[in-house]
Each structure stands twice: as C-alpha cells, then as structure tokens.
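Participant: Sharing a structure below in structure tokens format, with a few things to ask.
Number of protein chains: 2
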Amino acid sequence: MTTHKQFKPVDEQLAYLRKGAAEIIREEDLRAKLDTSAKTGKPLRIKLGVDPTAPDLHLGHTVVLRKLKHFQDLGHTAIFLVGDFTAMVGDPTGQSETRPPLTREQVDANAKTYLEQVYKILSRENTEVRYNSEWLGKLTGHDMIRLCAHYRLARMLEREDFRSRLAGNLPISIHELLYPLLQAYDSVALESDVELGATEQKFNLLVGREIQREYGQPSQVALTMPILVGLDGQRKMSKSLGNYVGITEAPSAMFGKLMSLSDEMMWPYFDLVTDHTPEEVAALAAKVKSGSAHPMDVKMSLAREIIAGFHGAEAGEKAAAEFQRIFRDREAPEEMKEIVLKRLPMGISVRSKSGSTASSHMADGLSVGLEKWSKLLAYVGEASSASEAERLIKQGGFEVNGSLVKDPTSKVDLNQPNSYQVRVGKKKFLRIVVE
Amino acid sequence: MTTHKQFKPVDEQLAYLRKGAAEIIREEDLRAKLDTSAKTGKPLRIKLGVDPTAPDLHLGHTVVLRKLKHFQDLGHTAIFLVGDFTAMVGDPTGQSETRPPLTREQVDANAKTYLEQVYKILSRENTEVRYNSEWLGKLTGHDMIRLCAHYRLARMLEREDFRSRLAGNLPISIHELLYPLLQAYDSVALESDVELGATEQKFNLLVGREIQREYGQPSQVALTMPILVGLDGQRKMSKSLGNYVGITEAPSAMFGKLMSLSDEMMWPYFDLVTDHTPEEVAALAAKVKSGSAHPMDVKMSLAREIIAGFHGAEAGEKAAAEFQRIFRDREAPEEMKEIVLKRLPMGISVRSKSGSTASSHMADGLSVGLEKWSKLLAYVGEASSASEAERLIKQGGFEVNGSLVKDPTSKVDLNQPNSYQVRVGKKKFLRIVVE
Chain A
1 MTTHKQFKPV DEQLAYLRKG AAEIIREEDL RAKLDTSAKT GKPLRIKLGV
51 DPTAPDLHLG HTVVLRKLKH FQDLGHTAIF LVGDFTAMVG DPTGQSETRP
101 PLTREQVDAN AKTYLEQVYK ILSRENTEVR YNSEWLGKLT GHDMIRLCAH
151 YRLARMLERE DFRSRLAGNL PISIHELLYP LLQAYDSVAL ESDVELGATE
201 QKFNLLVGRE IQREYGQPSQ VALTMPILVG LDGQRKMSKS LGNYVGITEA
251 PSAMFGKLMS LSDEMMWPYF DLVTDHTPEE VAALAAKVKS GSAHPMDVKM
301 SLAREIIAGF HGAEAGEKAA AEFQRIFRDR EAPEEMKEIV LKRLPMGISV
351 RSKSGSTASS HMADGLSVGL EKWSKLLAYV GEASSASEAE RLIKQGGFEV
401 NGSLVKDPTS KVDLNQPNSY QVRVGKKKFL RIVVE
Chain B
1 MTTHKQFKPV DEQLAYLRKG AAEIIREEDL RAKLDTSAKT GKPLRIKLGV
51 DPTAPDLHLG HTVVLRKLKH FQDLGHTAIF LVGDFTAMVG DPTGQSETRP
101 PLTREQVDAN AKTYLEQVYK ILSRENTEVR YNSEWLGKLT GHDMIRLCAH
151 YRLARMLERE DFRSRLAGNL PISIHELLYP LLQAYDSVAL ESDVELGATE
201 QKFNLLVGRE IQREYGQPSQ VALTMPILVG LDGQRKMSKS LGNYVGITEA
251 PSAMFGKLMS LSDEMMWPYF DLVTDHTPEE VAALAAKVKS GSAHPMDVKM
301 SLAREIIAGF HGAEAGEKAA AEFQRIFRDR EAPEEMKEIV LKRLPMGISV
351 RSKSGSTASS HMADGLSVGL EKWSKLLAYV GEASSASEAE RLIKQGGFEV
401 NGSLVKDPTS KVDLNQPNSY QVRVGKKKFL RIVVE
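As they're listed, the protein sequences go chains A and B.
Last residue of the first sequence: 435 (this note's numbering), numbering continuous.
Last residue of the second sequence: 435 (this note's numbering), numbering continuous.
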C-alpha cells in the first residue's frame with residue numbers, strides 16, 4: 001500500500017512557487033499539474049540541469065537551487081541533473097584546449113564537489129541525482145535524426161544568441177543546434193513536470209516543452225528565475241566582478257559583505273535567497289516603510305539568516321553579535337563616511353562625504369586600473385602616506401567587506417564600478433564607491 | 001607480389017572523364033590524383049551514391065552511371081553506394097505515409113532490382129557495392145555531435161533549397177541539415193577520391209570535400225554531370241513527363257523514340273549516354289556539318305548503339321533494320337508531314353505542314369487535356385471520323401514512337417509540350433508536335 005501524500009492547498013503552493021520567479025510558462029499549466037498532484041497524491045517531478053564543472057558556488061547560483069528546494073519543501077521530487085554527457089564530449093572538434101573532454105572520474109569528482117555545496121540547500125535524502133549520459137549515451141545516430149526531425153530550424157534560430165550570431169556573421173557550428181534538443185530530450189527521459197532555469201535558459205526550457213509533446217508526453221512547465229544582482233547593486237553577481245558572496249565563505253566575511261548591500265537591494269535578496277513566504281517579506285517591507293522597523297536591523301536579520309543556512313544558526317548569531325560589537329561605537333551607518341571615486345576621462349576624482357559636509361578633488365596619481373589599497377588610502381586622506389597605510393595593513397588594521405586584508409601589496413580594481421565597506425584602524429568604518 | 005596496374009596517359013584519361021561533365025571541382029585535383037594513381041599503380045576510388053528505391057531506370061539515370069563506367073573502364077574502382085541507412089530511417093517523425101521506413105528485406109530487394117539494371121552499364125565483377133548502414137548504423141550520438149561540429153550553419157544555409165525555403169518561410173526540420181553531413185561522412189568511410197552526382201548534388205558533394213579534410217583525409221574531387229534533356233528537347237527526362245526512354249523498353253520502341261530526337265539534340269546524347277571519346281563525337285559532328293554524313297544516319301547509329309548497350313548488338317542491328325524496312329517506301333524524313341498542335345488560351349490550333357504546303361485551323365472539339373488518339377486523328381484529318389480511327393487502331397494500323405498502340409481508347413496528353421512520331425495505316429508516317 002502506498003501512502004497517499006498530503007500536499008498544501010494549491011493556491012498556497014502556487015503563491016510560494018511564484019515568489020521571485022521571473023516567468024512561469026504557463027502558470028495555468030502549473031496550477032493544473034499541482035491540482036492533479038494534490039488529487040492523486042503523486043509528487044511533481046522538478047528538473048534542474050547543471051554542467052558538471054567544479055564550481056565554487058556563490059549566492060547567485062543558489063537562486064534556482066532554492067526554487068528547487070521550495071518545490072522539495074512542498075513535497076515534490078527535486079531532480080538534480082548532471083549534464084555529464086556533453087561534458088564528456090567536450091569540444092567535439094578537438095581543437096579547443098579550453099574545453100577538453102572530461103573523463104568519467106573527473107565528472108564524478110566535480111559532481112561530488114558540486115553536490116556537497118548543493119546539499120547545504122537541498123535535502124540530501126530527497127534529491128534524485130541523475131546523469132544524462134544514462135540515456136544520451138545510448139542514443140544512436142538514428143535516434144538523433146529522429147530527435148532533430150521534431151524541431152524546425154526557423155524556431156531554433158529564434159534563440160537570441162543564434163539570431164545575433166547569424167546576423168553578425170559569427171560562426172555557429174551545426175552541433176550547437178543539437179544541444180538544446182538534447183537538453184529537451186533529458187526532459188523526455190526524466191518525464192519532468194517542471195524545469196527550472198535562469199532567465200537566459202528560457203529558450204531551452206521551451207524547446208523541452210515542445211519535444212516532450214512530440215514524444216507524446218505532457219509539456220513541462222518552464223519556470224525561470226531572475227539573475228541575482230551583486231553587492232554593487234548593478235551587475236550580475238559573479239566571481240570575476242568581485243561583487244559576490246561565496247557560500248563557503250567565513251560567516252564574518254559573509255556578514256560584512258551582506259551588510260554592504262544598499263537598503264533597496266535587500267528586498268530582491270529576500271525574494272531570491274531566502275525561504276520567507278511572499279507574505280512575510282511584504283510584512284517586513286511594510287514595517288520598514290512605516291518606520292516600525294529599522295532597515296539596518298532587517299538587513300542584519302537577512303544576513304544572519306543567510307549565514308545560518310550555510311553555517312548553522314549558531315554561526316549566524318555569532319556573526320551578527322560580532323558585527324554589532326564592532327559597530328557599537330561607530331557612527332550610525334547613515335552617517336558613515338562615504339568616498340566616491342569617479343572615473344573620468346582625465347583620471348579619478350575623489351569626493352568625500354560625511355554627514356552634511358562634502359569635499360572633492362582630483363587624485364592625479366590614481367589611474368583607472370589596478371591600484372594598491374595602500375596608495376588609495378593615502379590619496380583619499382585615510383593615511384598620511386602609502387607607506388604608513390602599508391604599515392597599518394600589515395598590523396591588521398584594514399578590512400574590506402568584513403574580511404581582514406593583511407597583504408600590504410593587495411590591490412583594488414578601479415576598472416569597474418563597485419562598492420566596498422572598509423575598516424581602517426580599529427573602529428573607523430567607511431564606504432568606498434567606485435563609479 | 002601485387003601487379004603494378006597500368007593506366008592510360010593522364011591527359012587521355014582526363015579528356016575522357018571530362019566528356020559531358022558539367023563541372024569538375026577541381027580539375028587540377030583530379031589531374032593530381034590521376035598522376036599519383038599512375039605512379040603508384042593504385043586505382044582511384046569513385047563513389048556514386050543512390051537511394052534504394054526500386055527504380056525503373058531510363059536514360060536520364062544512366063548519365064552518372066556511365067561516367068562511373070568511364071572511370072571503371074580506365075581501371076579505377078567504381079563504388080556503387082546504396083544509401084540504405086536513411087531509407088531505413090524513413091520519415092523520422094513517423095507522420096508521413098509517403099516515406100515509411102523500409103525494412104532490411106525491402107532495401108535488399110530494391111537494391112537487387114537496381115543493380116540488375118545497373119549491371120547493363122557497369123561491370124558486375126569490378127563494382128564495389130556498399131551499404132552505408134555499415135558505418136552510419138554504428139554512429140553513436142557522440143559521433144553525430146562530432147560530425148556536426150565540423151560544419152557551420154551559415155555554410156549549410158548556402159545550399160539553394162535551404163536558402164529558398166528559409167527565405168520563403170517554408171519549414172526545414174533540423175534533421176535535414178544532418179543528411180548532407182551523413183552523405184559527406186560516407187566519403188570519409190569509403191575514402192573516396194572522386195564523387196559523382198548530377199548538378200543538383202553539387203552542394204552535397206562539396207560538403208564531402210570539407211568533411212574529409214576535417215577528418216584528416218585528402219578531399220575528394222566533385223564531378224557533376226548535367227541533367228539529360230528528354231525526347232521533347234525541352235525538359236529533364238522523366239517518366240512522369242512521358243519524354244523518356246526506359247532502359248528495359250523493347251528495342252523497337254527505343255529505336256522509334258530515339259529517332260524522334262531532333263538533329264541538334266542527338267549531340268548531347270552522344271556526350272551523355274554513349275562511350276564515344278570526345279574526338280569521335282567531334283569527328284561525327286564535322287562529317288554532318290560538311291554534308292559527308294546524313295544526320296538521319298548518324299542518329300540511327302546512335303540509336304543502334306544505345307540499344308546494343310542494353311539489349312546486345314544483335315538487337316540493335318535488328319531494330320535498325322526493321323526501322324529501315326518500314327521507312328523504305330516513306331517520304332524522306334525531311335518531307336515527313338508535320339502536324340503542330342498549338343495550345344492557345346481559346347483552345348487548340350492545328351497546323352499541318354508537308355513539304356512546302358501548310359494549312360491551319362482551330363480544332364474546336366479538342367481541349368488542353370487528355371484526349372483520345374482516335375479523336376485527335378479525326379481532327380487533324382488523318383481519319384474521316386473518330387470511329388474510323390478507332391477501327392484503324394484496333395486493326396494494328398497505329399504506332400506511336402515505334403510502339404504499336406492497339407487500344408482504341410488510349411489517350412494522348414495535350415497538357416504539355418511533346419513530340420510524337422506516328423504511323424497511321426501501313427506506311428504513312430507523321431510527326432505530331434504539341435507546343
């Protein structure tokens with residue numbers, strides 16, 4: 001006898017799943033699937049495909065994982081699909097050294113690294129981990145032709161990157177047209193009810209819908225999640241831009257980084273990297289708006305919660321306490337000194353603002369490029385000279401976004417806009433913004 | 001010890017192979033390959049691929065086969081490639097009833113029918129018959145991706161039919177892009193030096209050149225042959241147009257049909273469906289031009305020769321003798337009565353011309369469609385009435401293009417231009433031209 005699973009009311013499930021989503025194609029299909037699932041007691045099958053590279057996950061990566069978790073929390077089946085087949089194909093021409101084919105062992109090692117991080121979000125016991133070589137590795141040439149026969153070229157060329165490359169006379173190899181079809185075939189093999197992806201995956205998820213129909217299956221729902229904007233509040237969170245929070249970073253570093261978020265930016269973080277219900281988030285926002293909650297406190301609770309998710313509740317509390325202890329004697333953050341470095345054609349201008357006083361000058365010795373922190377501190381007037389700043393750094397008196405920086409030669413990238421929360425000496429905090 | 005094969009001088013080979021060819025890409029490559037072959041004593045590998053449909057071959061089909069024979073005659077290896085792989089795939093969507101997948105047995109039966117006819121041209125002993133399922137049937141999905149990675153979409157879309165369908169918003173399924181690549185891969189598997197095809201195959205043959213290079217092989221030479229124009233002197237020879245000479249037709253029927261060719265049209269036939277060297281053809285043409293040979297006699301020798309190829313020398317002689325016996329008492333062919341049926345918007349006009357006398361009238365009872373021969377004979381004045389014409393036909397007094405027509409209800413297609421050589425009664429010959 002199978003137990004008839006109990007699900008929450010469909011409306012409640014829908015509201016939770018809709019939270020933070022960029023697009024659900026189509027929401028009425030998702031409702032219908034949830035209805036059926038509730039009636040039959042059969043969980044939905046939710047697919048998330050990833051490349052088996054060995055990633056160092058940051059919060060940006062967790063957005064789709066968290067949506068998968070939400071489905072899992074509601075009792076549905078989370079399928080973590082490792083795309084090992086194409087990884088083992090590598091660059092099929094064999095001409096690129098940057099995409100060498102991976103061996104079975106490499107794929108397994110990468111998947112292990114990946115999963116160790118993933119299980120900080122998903123439940124280890126309830127996740128169905130699959131490898132697409134299981135079915136794609138068995139495809140014959142005949143099967144491939146059959147698969148390709150189910151999709152039209154004109155449709156494929158509607159995909160944004162194909163369209164723009166074709167228009168720009170940039171090469172597209174024919175095998176690239178096969179990958180969306182193989183990804184779609186994964187949905188057939190998995191009989192997925194819903195596929196998750198970032199917004200940039202939308203086209204591929206829709207191909208899955210069509211190919212499933214062609215293979216006589218009901219079409220999956222495509223649920224896309226937006227890109228998480230990084231700490232700078234401007235661009236996609238990414239390691240190379242330096243505007244990220246890694247999920248294995250130390251609690252204190254995570255806390256400092258998250259506290260550097262602007263007040264407005266914390267709301268998308270509530271939506272995309274927490275498990276709060278939409279009602280809870282709305283209630284918090286209302287409190288802040290009415291003045292009954294301080295944005296700083298709400299942001300601290302956000303940081304504490306995120307850290308608790310990756311390091312446990314105790315670590316969250318400890319990081320918050322530490323942060324508060326250091327800040328106890330500081331100026332209120334609204335009054336924190338802010339230094340804005342403006343990148344101009346003739347160099348960099350420095351504008352200092354502290355409370356209502358402001359001043360500005362050109363820093364002729366600074367250039368738009370990589371500059372030493374020590375040099376920068378001297379130029380903005382936080383040290384009497386670069387060598388004094390170096391001494392200060394060596395002695396442990398310098399922190400960036402909550403992380404101690406002890407190398408006196410360490411650099412800051414002035415090439416791109418960014419925002420840093422910096423401690424100089426024991427208690428002096430300031431914000432350095434590169435514009 | 002292997003015998004070192006002796007080949008004819010390269011210039012002589014080239015001249016013979018060039019005969020009738022539409023294009024050789026590239027001729028210097030072919031020369032180089034012939035040079036190497038002459039030096040090493042190793043024959044070239046010449047590929048001709050065909051669909052394993054069960055065809056009723058006509059002279060149009062023999063043009064590429066004959067070029068393959070020419071290579072074979074020169075000592076090279078003729079490869080007759082049966083494209084059974086895609087035939088067994090059929091319409092991969094399974095939605096079309098017109099292209100059901102063929103079974104192994106059907107393919108074999110079709111190939112047998114095909115080969116029986118082909119061996120009237122090629123030497124049975126020296127032909128390498130291959131089936132591409134031998135290697136395509138073993139391709140994995142991975143191999144297919146690798147193959148597709150070697151070719152760019154933009155190049156593929158240069159193919160005329162893809163380009164025009166894309167421009168005209170007509171659907172192209174993605175699997176259609178795979179077929180030229182599979183055909184190219186056949187060249188890799190066969191290590192072909194030369195691939196033959198009709199002019200419409202040019203694109204596919206060129207893909208073969210590129211894919212061989214990508215797989216580390218020397219590129220094959222692409223040799224295309226023109227389309228054979230049918231007996232009407234206007235359109236591609238085809239069974240549905242009725243302007244064809246089937247290679248299994250009776251000798252007398254073939255003779256009559258071939259004699260209905262216009263004098264100018266016989267030269268392409270010498271080029272494309274005989275084994276005469278270019279010098280021999282040029283010498284014949286010079287004789288006709290100078291008046292030292294009668295075009296009628298040259299045409300008879302052409303017909304005799306073609307028939308001898310398919311039915312043996314004796315049958316050729318017999319058909320020629322019979323034709324001459326019948327024509328012994330006739331008017332000279334230049335003076336043969338000619339009836340031209342002109343298809344006009346308001347109906348059909350009949351113009352009779354015999355020597356220098358001509359007359360014309362509208363035939364109000366005839367329409368642009370299928371009409372009974374008996375009715376037509378009455379309208380053009382060759383019988384006093386349709387029923388008299390029917391009686392004549394039943395009694396064996398009516399022949400079309402050398403074939404006796406005994407069914408009084410048999411019809412003539414006035415929808416399209418055509419030319420018929422007709423016998424009415426015992427000795428009266430006339431030409432009926434539909435314009």
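Backbone N, C-alpha and C fix where the C-beta goes; we use that ideal spot for every residue, glycine too.
1) At the level of alpha carbons, what is the spacing between residue 359 (chain A) and residue 297 (chain A)?
2) Using a Cβ-Cβ cut-off of less than 9 Å, give me the residues of the stretch 105-127 of chain A that come near chain B, in sequence order.
3) Have a look at residue 182 (chain B) and residue 74 (chain B) and give me their C-alpha separation to the nearest angstrom.
4) Rounded to a whole number of angstroms, what is the C-alpha to C-alpha distance between residue 216 (chain A) and residue 191 (chain A)?
5) Taking its Cβ as the centre, do 16 or more other Cβ atoms sit within 10 Å of residue 5 (chain A), making it buried, or is it exposed?
6) Measure from the C-beta of residue 209 (chain B) to each C-beta in chain A and report whether the shortest distance is under 7 Å.
7) Are there any heavy atoms of the ligand FAD lying less than 6 Å away from the beta-carbon of residue 405 (chain B), as far as the coordinates show?
8) Can you look up residue 89 (chain B) in the DSSP assignment and give me helix, strand or coil?
9) Pull up the distance between the alpha-carbon of residue 404 (chain B) and that of residue 392 (chain B), whole angstroms please.
10) Span of the alpha helix (DSSP H) holding residue 270 (chain B)?
11) Between which residues of its own chain and residue 8 (chain B) is the CB-CB distance below 7 Å, once the five residues before and five after are set aside?
12) Could you round the C-beta distance between residue 232 (chain B) and residue 374 (chain B) to whole angstroms and report it? I think they count as a contact, below 8 Å.
13) So the beta strand (DSSP E) residue 23 (chain B) belongs to, where does it begin and stop?
14) Assuming contact is defined by CB atoms lying nearer than 7 Å, are residue 219 (chain A) and residue 209 (chain A) in contact in what I supplied?
15) Going by beta carbon distance, what residues of the same chain come within less than 7 Å of residue 288 (chain B), once the five residues before and after it are set aside?
16) CB-CB under 7 Å to residue 385 (chain B), same chain, minus the five flanking residues each way: which ones, in chain order?
17) Please list, in chain order, the residues of the stretch 410-423 of chain A that have any C-beta partner in chain B closer than 9 Å.
18) Would DSSP call residue 17 (chain A) helix, strand or coil?
19) Closer than 8 Å is the cut-off here; do at least three beta carbon pairs connect the stretch 97-111 of chain A with the stretch 59-75 of chain A?
20) Taking 7 Å as the CB-CB limit, is residue 171 (chain A) close to chain B?
21) From B:372, B:121, B:380, pick the residue whose C-alpha is nearest to that of residue 350 (chain B); which is it?
22) List the residues of chain D that residue 151 (chain A) touches, going by C-beta distances under 9 Å, in chain order.
23) Under 7 Å between beta-carbons, which chain A residues line up against residue 144 (chain B)? List them in chain order, please.
24) By DSSP's criteria, residue 80 (chain B) is part of a beta bridge. Which residues make up the other side?
25) Considering only C-alpha positions, which residue in the set A:174, A:58, A:175, A:157 is nearest to residue 167 (chain A)?
26) For the candidate residues B:254, B:173, B:20, whose alpha-carbon lies nearest to that of residue 270 (chain B)?
27) Mind listing the chain B neighbours of residue 156 (chain A)? Cutoff is C-beta to C-beta under 8 Å, in chain order.
28) Between the stretch 223-230 of chain A and the stretch 58-66 of chain A, do three or more beta carbon pairs fall short of 8 Å?
29) Would residue 368 (chain B) and residue 433 (chain B) be called neighbours here (beta carbons separated by less than 7 Å)?
30) Measure from the alpha carbon of residue 275 (chain A) to the alpha carbon of each residue in A:243, A:28, A:69, A:316, then state which is nearest.
31) Does the distance from the C-beta atom of residue 402 (chain B) to that of residue 197 (chain B) stay below 7 Å?
32) For residue 452 (chain A), I'd like the list of residues in its chain whose CB is within less than 7 Å of its CB, leaving aside the five on either flank, ordered along the chain.
33) Taking Cβ-Cβ distances shorter than 7 Å, what residues in chain A pair up with residue 178 (chain B)?
34) Kindly list, in the order they appear in chain A, the residues whose Cβ is closer than 7 Å to that of residue 206 (chain B).
35) Name the residue from B:319, B:291, B:292 whose alpha carbon lies nearest to the alpha carbon of residue 302 (chain B).
36) Ends of the alpha helix (DSSP H) at residue 478 (chain B)?
Facilitator: This is what the structure holds:
1) Those two C-alpha atoms are separated by around 30 Å.
2) none
3) 29 Å
4) 11 Å
5) exposed
6) no
7) Looking at this structure, you won't find the ligand FAD or any other ligand, since it has none at all.
8) helix
9) 12 Å
10) 266-273
11) 74
12) Incorrect: roughly 23 Å between the Cβ atoms, too far for contact.
13) 23-25
14) yes
15) 295, 298
16) 378
17) Within the stretch 410-423 of chain A, no residue places its CB atom closer than 9 Å to a CB of chain B.
18) helix
19) no
20) Yes, contact with chain B.
21) B:380
22) Here chain D cannot be found, since the structure's protein chains are A and B.
23) 141, 144
24) B:48, B:129
25) Closest option to residue 167 (chain A), Cα to Cα, is A:157.
26) Looking at the Cα atoms, B:20 is the closest of the given residues.
27) 174
28) In the pairwise beta carbon analysis, the stretch 223-230 of chain A is classified as touching the stretch 58-66 of chain A: at least three pairs are separated by under 8 Å.
29) no
30) Looking at the Cα atoms, A:69 is the closest of the given residues.
31) no
32) An answer regarding residue 452 (chain A) cannot be provided, because it is not within the stretch 1 to 435 covered by chain A.
33) Chain A residues near residue 178 (chain B): 145, 148.
34) Residue 206 (chain B) does not reach chain A, its nearest Cβ partner there being about 15 Å away, counting only Cβ pairs nearer than 7 Å.
35) B:319
36) Chain B is shown from 1 up to 435; residue 478 (chain B) falls before or after that span and cannot be answered.
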